[in-house]
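Undergrad:
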């Protein structure tokens, strides 16, 4: 059985474990295993759950997908969209983004992904997002593309 629910701090360890699995492919793409998703702690994920709207995608009771969002100044900032590698390319990421967009209906949406992450960029473009800037963030060396809808 599949379902999307709001995550709680009790889900932090499972989401953290999923994050470690899901972001290895990004680390490999950039040849950098010090990317923020791989260096965050369970406590960091707990804090995210407290300060953001975090969704979990459940399959047979296990968390196999997640996304977070928060609103500021009329923009819904979407981040940490992840799907377990064994479940990718099945529409789970799309369902998570669409659910966030429904929860923040009427807002402008913004997200970012690595500039070399062609698959991610293409995925977001299919969902109607457009690149509006390229920028390096203070917490790592990756150059990101920022997309909006």
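In our numbering, the protein residues as written are 850 to 998. Ideal Cβ placement from N, Cα and C applies to all residues, glycine included.
1. Quick one: residues in its chain with C-beta nearer than 7 angstroms to the C-beta of residue 953, no 5 flanking neighbours on either side, listed in chain order?
2. Between residue 868 and residue 913, what straight-line distance do the alpha-carbon atoms span, to the nearest angstrom?
3. In whole angstroms, what separates the C-alpha of residue 972 from that of residue 965?
4. When burial is assigned at 16 or more other CB atoms within 10 Å of the CB, is residue 932 buried or exposed?
5. If contacts are defined as beta-carbon pairs under 8 angstroms, then residue 948 and residue 853 qualify, I think. What distance do you get, rounded to the angstrom?
6. Tell me which residue opens and which closes the beta strand (DSSP E) that residue 882 is part of.
7. For residue 995 versus residue 885, is the C-beta distance shorter than 9 angstroms?
8. For residue 924, which residues does DSSP report across the bridge?
9. Start and end of the beta strand (DSSP E) containing residue 997?
10. Based on DSSP bridge pairs, tell me the residues matched to residue 984.
11. Going straight from the alpha carbon of residue 903 to that of residue 855, what length do you get?
12. Please classify residue 962: does DSSP put it in a helix, a strand, or coil?
13. State yes or no: is the C-beta of residue 896 within less than 9 angstroms of the C-beta of residue 963?
TA: In short, the structure shows the following:
1. 918, 920, 925
2. 10 angstroms
3. 13 angstroms
4. buried
5. 5 angstroms
6. No beta strand (DSSP E) contains residue 882, which DSSP labels as neither H nor E.
7. no
8. 921, 957
9. 992-997
10. 993
11. 6 angstroms
12. strand
13. no
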